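If you're matching positions, the sequence shown starts at 189 in our numbering and goes up one per residue.
To keep things clear, I will list the structure first and then write my remarks on it.
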Amino acid sequence: MYFDYAATTPLHPKALEAMMPFLTDNFANPSSMYSPARAARKAIDEARQAVAEVLGATPAEVFFTSSGTEADNWAIKGVLKKSDHIITSEAEHPAVLQTIRYMEKLGHPVTYLPVDGEGFVCPKSVQEAIRPDTALVSIMLANNEVGTIQPLAAIGEIVRESGAIFHTDAVQAVGHIPVDVNELKVDMLTISAHKFGGPKGIAAQYIRKGIAVQPLLHGGAQEKGRRASTENVPAIVGMAAALKAAIEEMPTELPRISALRDKLTNEILATIPYTHLNGPRENRLPGNINISFKYIEGESVLLHLDMLGCQASTGSACSSGSLEPSHVLTAMGVSHELANGAIRFSLGRGTTEDDIDKLMGILTTSVTRLRELSPLYDDFLKGRGD
Ligand code: PLP
Numbered sequence: 189m190y191f192d193y194a195a196t197t198p199l200h201p202k203a204l205e206a207m208m209p210f211l212t213d214n215f216a217n218p219s220s221m222y223s224p225a226r227a228a229r230k231a232i233d234e235a236r237q238a239v240a241e242v243l244g245a246t247p248a249e250v251f252f253t254s255s256g257t258e259a260d261n262w263a264i265k266g267v268l269k270k271s272d273h274i275i276t277s278e279a280e281h282p283a284v285l286q287t288i289r290y291m292e293k294l295g296h297p298v299t300y301l302p303v304d305g306e307g308f309v310c311p312k313s314v315q316e317a318i319r320p321d322t323a324l325v326s327i328m329l330a331n332n333e334v335g336t337i338q339p340l341a342a343i344g345e346i347v348r349e350s351g352a353i354f355h356t357d358a359v360q361a362v363g364h365i366p367v368d369v370n371e372l373k374v375d376m377l378t379i380s381a382h383k384f385g386g387p388k389g390i391a392a393q394y395i396r397k398g399i400a401v402q403p404l405l406h407g408g409a410q411e412k413g414r415r416a417s418t419e420n421v422p423a424i425v426g427m428a429a430a431l432k433a434a435i436e437e438m439p440t441e442l443p444r445i446s447a448l449r450d451k452l453t454n455e456i457l458a459t460i461p462y463t464h465l466n467g468p469r470e471n472r473l474p475g476n477i478n479i480s481f482k483y484i485e486g487e488s489v490l491l492h493l494d495m496l497g498c499q500a501s502t503g504s505a506c507s508s509g510s511l512e513p514s515h516v517l518t519a520m521g522v523s524h525e526l527a528n529g530a531i532r533f534s535l536g537r538g539t540t541e542d543d544i545d546k547l548m549g550i551l552t553t554s555v556t557r558l559r560e561l562s563p564l565y566d567d568f569l570k571g572r573g574d
């Protein structure tokens with residue numbers, strides 16, 4: 189039972205089908221001159237067109253990269269000039285946060301905006317942080333740990349007026365909720381295929397026409413000289429097919445998955461005592477649930493769940509394994525104790541109501557057993573006189 193769709197998703201069958209010819213017969217380099225190469229080039233052009241259409245962009249504004257991490261790095265490193273000021277939030281994914289910390293070490297002043305108790309950035313705080321030397325604002329569209337969907341259009345309006353460049357990491361949002369670069373008023377937007385049923389190791393960057401971004405990779409003339417490397421044709425084609433499928437399925441999948449999310453959230457909160465929902469009820473990703481189980485460690489619950497065939501996560505896959513409490517929950521003001529007991533269940537295309545019912549049974553048993561062994565829980569019961 190897979191409850192870790194925010195970490196990665198299984199390949200959509202339509203993506204696999206679209207990729208197969210380019211994994212087998214047509215292995216040509218799209219920059220070559222013969223007919224299989226031209227077919228590969230055509231497939232890339234069509235994929236670019238498809239991705240652009242979904243985002244409300246033009247094909248000339250879409251560039252393929254090898255990952256969301258690369259695209260985030262490119263957006264940030266590619267637009268800054270010496271000592272330009274950057275604004276970001278404390279709850280960004282490490283692909284943005286660590287890149288900005290690196291730029292800070294190189295001499296860029298940075299404002300890290302706080303988030304509120306539900307993970308929202310206040311547009312007014314963006315307004316107040318903007319300085320004459322602010323060149324870049326990077327705020328994610330949807331949070332990977334707690335699912336908070338930011339009021340991006342309002343922030344975009346403010347950034348546009350200031351003349352700074354507005355980048356958003358939309359890796360968790362695209363393919364799950366409608367995303368349009370013009371509505372959001374963003375200049376750069378990052379997506380990653382493996383979060384919406386595409387293959388791993390392929391992503392795209394939207395760059396609004398007229399925005400000058402220096403290349404991260406220098407070399408050949410691929411991607412109009414802005415991102416050198418022989419194109420990963422099967423992955424590019426697979427990403428576009430997965431995205432098209434996700435958009436086609438969204439009218440039924442978005443309400444279905446949101447209903448499963450609400451069912452699981454409500455059942456956990458109602459039947460397992462001392463639990464706390466992290467993140468908002470409204471403006472939350474359809475597949476995201478993040479719950480803290482008081483008096484126990486999230487890692488212990490995960491190990492227990494894994495033994496019983498359930499896969500979930502304590503936060504982002506990138507930071508799990510570290511003993512530090514999640515920087516997102518900490519930024520939201522969640523206590524260390526609650527942050528250590530947090531688990532993210534993320535639902536997706538394959539999640540069924542039956543999975544939710546089975547998970548509830550397993551989770552209740554796991555939490556009860558672990559609390560029986562927990563000295564913290566014991567102290568709590570003694571304090572209550574039980
Ligand atoms: N940004 C967010 C919000 C993510 O959730 C992830 C993946 O976990 C990334 C960026 C990195 O994307 P990729 O795995 O393609 O490098």
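Backbone N, C-alpha and C define an ideal beta-carbon position, used for all residues, glycine too.
Values in this document were obtained by computation on a predicted structure and should not be read as measured data.
So, at 7 Å on beta carbons, what are the nonlocal neighbours of Glu541 in its own chain, with the 5 sequence-adjacent residues on each side left out? Here residue 541 is taken as the residue at index 353 of the sequence shown, counted from 1. For Glu541, where only same-chain residues beyond five positions count, the Cβ hits under 7 Å are Leu448.
task = Given a cut-off of 7 Å, decide if Thr322 and His355 are closer than it, judged by their beta-carbon atoms.
result = Within the sequence shown, residue 355 is the residue found at index 167, counting from 1. Within the sequence shown, residue 322 is the residue found at index 134, counting from 1. For His355 and Thr322, no; Cβs fall outside 7 Å.
Item to check | Euclidean distance between Cα positions of Asp543 and Ile550 | outcome: Position 355 of the sequence shown, counted from the start, is the residue given in the question as residue 543. Position 362 of the sequence shown, counted from the start, is the residue given in the question as residue 550. Asp543 and Ile550: Cα-Cα distance of roughly 11 Å.
| So what's Phe568 in DSSP terms, helix, strand or just coil? | Reading the sequence shown from its first residue, position 380 is the one you call residue 568. Reduced to three states, the DSSP call for Phe568 is helix.
- Mind reading off the beta-carbon distance from Ala500 to Asp192? Whole number of angstroms is fine, and I expect it under 8 Å. Position 312 of the sequence shown, counted from the start, is the residue given in the question as residue 500. Position 4 of the sequence shown, counted from the start, is the residue given in the question as residue 192. At roughly 6 Å, the Cβ-Cβ gap stays under 8 Å, so Ala500 and Asp192 are in contact.
Are the segment 262 to 279 and the segment 296 to 315 touching, with three or more C-beta to C-beta distances below 8 Å? yes
- Query: When burial is assigned at 16 or more other CB atoms within 10 Å of the CB, is Ser514 buried or exposed?
  - Reply: Along the sequence shown, read from residue 1 onward, the residue named residue 514 stands at position 326. The residue in question, Ser514, is buried, as its Cβ has 16 or more Cβ neighbours within 10 Å.
State yes or no: is the C-beta of Val359 nearer than 6 Å to some heavy atom of ligand 1?
Against the sequence shown, residue 359 aligns to sequence position 171. At least one heavy atom of ligand 1 is nearer than 6 Å to the Cβ of Val359, so yes.
Practice prompt. Can you tell me which of Pro218, Ala225, Ala352 and Thr552 puts its alpha carbon nearest to the alpha carbon of Leu457?
Written response: Residue numbering aside, residue 457 sits at position 269 when the sequence shown is read from its first letter. Taking only the C-alpha atoms, the option nearest Leu457 is Thr552.
Beta-carbon separation (whole angstroms), Val401 vs Ile379, contact threshold 8 Å
By 1-based counting over the sequence shown, the position of residue 401 is 213. By 1-based counting over the sequence shown, the position of residue 379 is 191. That pair is no contact at about 16 Å.
Worksheet item: Below 8 Å, can you find three or more Cβ-Cβ pairs linking the segment 373 to 388 to the segment 417 to 430?
Response: yes
Legend entry - Span of the alpha helix (DSSP H) around Asp494: Against the sequence shown, residue 494 aligns to sequence position 306. Here the alpha helix (DSSP H) through Asp494 covers Gly486 to Met495.
*Which value, in whole angstroms, describes the spacing of the CA atoms of Leu204 and Ser255?*
As a first step, residue 204 must be located in the sequence shown, where it is residue number 16. As a first step, residue 255 must be located in the sequence shown, where it is residue number 67. It is roughly 18 Å from the alpha-carbon of Leu204 to the alpha-carbon of Ser255.
Any heavy atom of ligand 1 inside 6 Å of the beta-carbon of Gly256?
As a first step, residue 256 must be located in the sequence shown, where it is residue number 68. Yes, ligand 1 has a heavy atom inside 6 Å of this Cβ.
Is Gln338 helix, strand or coil by DSSP? Against the sequence shown, residue 338 aligns to sequence position 150. If DSSP states are grouped into helix, strand and coil, Gln338 belongs with coil.
Taking only the alpha-carbon atoms, compute the straight-line gap between Asn454 and Arg469 and give it to the nearest angstrom. Counted from its first residue, the sequence shown places residue 454 at position 266. Counted from its first residue, the sequence shown places residue 469 at position 281. Those two C-alpha atoms are separated by around 11 Å.
- Query: Does DSSP classify Leu243 as helix, strand or coil?
  - Reply: Counted from its first residue, the sequence shown places residue 243 at position 55. Note: Leu243 maps to helix in three-state DSSP.
Exercise. Determine the DSSP secondary structure at Asn217, reduced to helix, strand or coil.
Key: The residue given as residue 217 occupies position 29 in the sequence shown. Looking at Asn217 - three-state DSSP - the assignment turns out to be coil, as it is neither helix nor strand.
How would you call Arg472, buried or exposed, if buried means at least 16 neighbouring beta carbons within 10 angstroms?
-> Reading the sequence shown from its first residue, position 284 is the one you call residue 472. Flag for Arg472 reads buried.
For this session: Report all residues from its chain with a CB closer than 8 Å to the CB of Asn370; omit the five preceding and five following residues, and keep chain order.
Result: In the sequence shown, the residue the question calls residue 370 occupies position 182. Result list for Asn370: Gly244, in chain order.
* To do: Evaluate Thr212 with the Cβ neighbour count: other Cβ atoms within 10 Å of its Cβ, from every protein chain shown; 16 or more gives buried, anything less gives exposed.
  => By one-based count along the sequence shown, residue 212 stands at place 24. By the beta-carbon neighbour count (other beta carbons within 10 angstroms, threshold 16), Thr212 is exposed.
**Prompt:** Using DSSP with H/G/I as helix, E/B as strand and the rest coil, what is Leu301?
**Reply:** Here the question's residue 301 lines up with position 113 in the sequence shown. If DSSP states are grouped into helix, strand and coil, Leu301 belongs with the strands.
Closer than 6 Å to a non-hydrogen atom of ligand 1 - does that hold for the CB of Asn332? Residue numbering aside, residue 332 sits at position 144 when the sequence shown is read from its first letter. Yes, Cβ of Asn332 sits closer than 6 Å to a heavy atom of ligand 1.
### Message
Contact defined as beta carbons within less than 8 Å: I believe Pro311 pairs with Ala342. What is the distance between those atoms, to the nearest angstrom?
### Response
Translated into positions along the sequence shown, residue 311 becomes position 123. Translated into positions along the sequence shown, residue 342 becomes position 154. That pair is a contact at about 4 Å.
Between Ala240 and the rest of its own chain, which residues show a CB-CB distance below 6 Å, the 5 nearest in sequence each way excluded?
-> To locate residue 240, count along the sequence shown from 1; it is residue 52. Closer than 6 Å at the Cβ level, and outside the excluded window around Ala240, lie Thr246, Pro247 and Val250.
Would you say Ser380 touches ligand 1, meaning its beta carbon is less than 6 Å from a heavy atom?
What you label residue 380 is simply residue 192 of the sequence shown in a count that begins at 1. Indeed, a heavy atom of ligand 1 lies less than 6 Å from the Cβ.
Among Glu441, Phe533, Leu442 and Pro439, which one has its Cα closest to the Cα of Ser480? Position 292 of the sequence shown, counting from 1, holds the residue named residue 480. Looking at the Cα atoms, Phe533 is the closest of the given residues.
Should the segment 563 to 572 be regarded as contacting the segment 228 to 237, the criterion being three or more beta carbon pairs within less than 8 Å? Short answer: they don't touch.
*Assuming Leu547 and Met189 form a contact by the criterion Cβ under 8 Å, report the distance between their Cβ atoms to the nearest whole angstrom.*
One-based indexing of the sequence shown puts residue 547 at position 359. One-based indexing of the sequence shown puts residue 189 at position 1. The pair is a contact, with the Cβ atoms about 6 Å apart (cut-off 8 Å).
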